[in-house]
Amino acid sequence: MEAVSEQIVARHSGPLTGEVWVPGAKNSVLKLMATTLMTDGVTTLTNVPDIADVAIMSDLLAAIGVNAAWHPTRKRVLLLTNRGVITPVAPYELVERIRASINVLGPLLTRCGHVKLSLPGGDDFGSRPINMHLEGLEAMGATFEVRHGYVEAYADRLFGADITFDFPSVGATENILTAAVFAKGTTVIDNAAREPEISDLCNFLVAMGADIEGIGSSQLVIHGVERDSLRPVEHEVVPDRIQAATYIAAAAVTRGSIVLRNARCQHMEMLLKRFADMGLQITPRHDGMAVSAPERLRAIDCATLPYPGIATDYKPLIVTMLSVAEGVGIVTENLYPGRFRYVEELQRLGAEISTDGHHAVVRGVSRLCGAPVTAPDIRAGAALVVAGLAAEGETVITGVHHIDRGYDDLVGRLARLGADIERS
Ligand code: EPU
């Protein structure tokens, strides 16, 4: 992993060209790692992104009883060793560093019958409750006590249940899904989230020996199996659609032409349609996709929605692209009302954006203008880096630790595509 350094310096860059490899998805690998709590032995994950959140999840798992280590010779391969000695306690100092720590709840409860978990923190863009996780597990027979900042869950054995979510929560779907694997009987999750990362988790569990139907749909049916019936496997992490979109956005604002190897068009369908409406030429290839931006982008309107809609995580990139597009675009946020903090930073670069509640109205300007800015969170941070490539002069981005949480060598990959960018 790159040493944590203070800032990224991005300068106005000509058209990006060349090829970039899309690493595995943060929002899949962290869940796969947590799921190794459910099976003894050595699990092998390939195409693992080298990001800070993987290191933090490794620390959390080490405290509970699974050791994660990079493979000595195979690049981007993580070995997770579970010797069967599990302490189902997730302490505050580790949990508060990473939202995905909530994903140990389902695996630990279903395996050990008891969990003590510090209430999770996460990103600084609004309240992120876990009521749906707890209600779902309660329906399966778990009981909870919340005190002193910890939630303690108990269930000698979980039982299959019919659970309908009000909203297709990613994290709640994952926790109920993993918990249901060892539950007695059948669990049906209706209005389940169906992000590609959820399908990746389902496929991983099935390869391990779980019995899951409806993968990729909004109804997941999980037939419980015995606690000792999972076995470790080797599994390739699904490519990261958000990192892929970041390189597309960088090509778009520099009017470049790049190839994304290992990108999956079918996981980004709705976004790619809207990118085409903005004037991008996108050609699927057997090993990914080619993207070129022959002319100035055109403005579009769009709204974030759960998958297969346009993910909230793409939004800072879209707003950045609209900042330099021809015309006015309105972006509506339907998931995290508070997730517009980076707008002020883009305004510092000369972007013309106004926000009103869930909406951002973006009037494209012909050129942004470099300035010092701060990354408020991971996705916004990456968008500011992209904006820096389109801004005259120099943009200095601080708060780089946010970007390091989920981007595997963003600066190196952009530099290899010809961007004028460095860490210092
Ligand atoms: N929600 C509830 N109650 C719950 C669960 C969720 O009200 O019990 C609400 C949340 O407050 C939020 C919305 O539902 O407003 C979405 O939450 P969801 O559970 O779907 O999201 P998550 O599992 O907390 C994951 C990703 C996020 C991504 C969202 C939405 C991980 C670790 N995080 O979060 O990714 O934005 O799904 O797609 O997988 C990121 O990678 O930068 C990131 C924030």
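With positions in the sequence shown counted from 1, the corresponding number in the numbering used here is that position plus 878. No residue lacks a Cβ here, since even glycine has one placed at the ideal position from N, Cα and C. It should be emphasised that the depicted structure is a prediction, and the values quoted were computed from it without experimental measurement.
Taking the alpha-carbon positions, what's the residue i to residue j distance?
i	j	result
residue 1024	residue 1117	36 Å
residue 1054	residue 1288	33 Å
residue 919	residue 1028	29 Å
residue 1032	residue 1020	5 Å
residue 1162	residue 1195	21 Å
residue 1262	residue 1215	20 Å
residue 1058	residue 944	21 Å
residue 885	residue 1264	14 Å
residue 1107	residue 1087	7 Å
residue 1224	residue 989	46 Å
residue 1212	residue 1191	12 Å
residue 1283	residue 1050	22 Å
residue 1222	residue 889	20 Å
residue 1271	residue 1251	13 Å
residue 1266	residue 1131	10 Å
residue 1003	residue 962	In this prediction, residue 1003 scores a pLDDT of 42, lower than 50, which makes its location untrustworthy; the coordinate-derived value is nonetheless stated afterwards. The straight-line gap from Cα to Cα measures roughly 37 Å.
residue 1302	residue 887	7 Å
residue 1145	residue 1121	12 Å
residue 891	residue 1148	28 Å
residue 1015	residue 1008	11 Å
residue 952	residue 1226	43 Å
residue 901	residue 1138	10 Å
residue 1275	residue 1247	13 Å
residue 1297	residue 1205	26 Å
residue 1277	residue 1079	31 Å
residue 1077	residue 1210	27 Å
residue 1245	residue 1160	24 Å
residue 1101	residue 1056	11 Å
Quick one, which of the options has its alpha-carbon nearest residue i's?
i	options	result
residue 1026	998, 1204, 1300 and 966	998
residue 1096	1205, 1107, 1073 and 1069	1069
residue 1123	1142, 1109, 959 and 1106	1142
residue 899	983, 1219, 1290 and 1188	1290
residue 912	936, 893 and 969	936
residue 1182	1166, 1208 and 1170	1208
residue 1119	1151, 1075, 1135 and 887	1075
residue 1052	983, 931, 1171 and 1110	983
residue 1176	1217, 1247 and 1152	1152
residue 1103	1083, 1008 and 931	1083
residue 1256	929, 1115, 939 and 1205	929
residue 1109	916, 904 and 1155	916
residue 1071	987, 1299 and 1186	1186
residue 1236	932, 1276, 1217 and 1009	1217
residue 1047	1189, 1199, 1164 and 1226	1189
residue 1111	1085, 1091 and 1101	1085
residue 904	1155, 960 and 1073	1073
residue 1168	1089, 959 and 1150	1150
residue 1043	1013, 1210 and 1056	1013
residue 960	914, 971 and 1180	914
residue 1240	1299, 1184, 1180 and 1022	1180
Looking only at its chain, what residues have a beta carbon closer than 8 Å to the beta carbon of residue i, apart from the 5 residues adjacent to it on each side?
i	result
residue 1243	1201, 1202, 1228, 1229 and 1230
residue 955	922, 923, 924, 926, 948 and 949
residue 1173	1133 and 1157
residue 969	941 and 996
residue 1081	1093 and 1113
residue 991	1032, 1033, 1034 and 1035
residue 880	At residue 880 the pLDDT is 47, less than 50, meaning the model places this residue with poor confidence and gives no usable figure here.
Between residue i and chain D, is there a C-beta pair that is closer than 8 Å?
i	result
residue 1100	No chain D is part of this structure, which consists of one protein chain only.
What whole-angstrom Cβ distance do residue i and residue j have, given they're in contact under 8 Å?
i	j	result
residue 1306	residue 942	Nothing about residue 1306 can be read from this structure; the chain reaches only from 879 to 1302.
residue 1041	residue 1011	Not really, about 11 Å apart at Cβ, beyond 8 Å.
residue 1238	residue 894	At roughly 25 Å, the Cβ-Cβ gap does not stay under 8 Å, so residue 1238 and residue 894 are not in contact.
residue 1285	residue 1260	6 Å
residue 896	residue 1295	5 Å
residue 986	residue 966	4 Å
residue 1233	residue 1249	No, residue 1233 and residue 1249 are not in contact; Cβ-Cβ is about 19 Å, not under 8 Å.
residue 1154	residue 1199	Their Cβ separation, rounded to whole angstroms, is 13 Å, which puts residue 1154 and residue 1199 out of contact at 8 Å.
residue 1030	residue 994	5 Å
Starting from the C-beta of residue i, find all residues in its chain whose C-beta is less than 6 Å away, skip the five residues before and the five after it, and write them out in chain order.
i	result
residue 1066	1040 and 1099
residue 1220	1194, 1254 and 1258
residue 1376	Since the first residue of the chain shown is 879 and the last is 1302, residue 1376 is not available in this structure.
residue 878	Beyond the ends of the chain as shown, which are 879 and 1302, falls residue 878; an answer cannot be given.
residue 1091	1099
residue 1280	1253, 1255, 1256 and 1259
residue 1170	1135 and 1159
If I measure Cβ to Cβ from residue i and keep anything under 7 Å in the same chain, skipping five residues before and after, which residues do I get?
i	result
residue 1037	1018, 1019, 1061, 1062 and 1063
Please confirm if the region 908-923 is in contact with the region 966-979, defined as three or more CB-CB distances below 8 Å between the two stretches. With a cut-off of 8 Å, the region 966-979 and the region 908-923 count as touching, because enough Cβ pairs lie within range.
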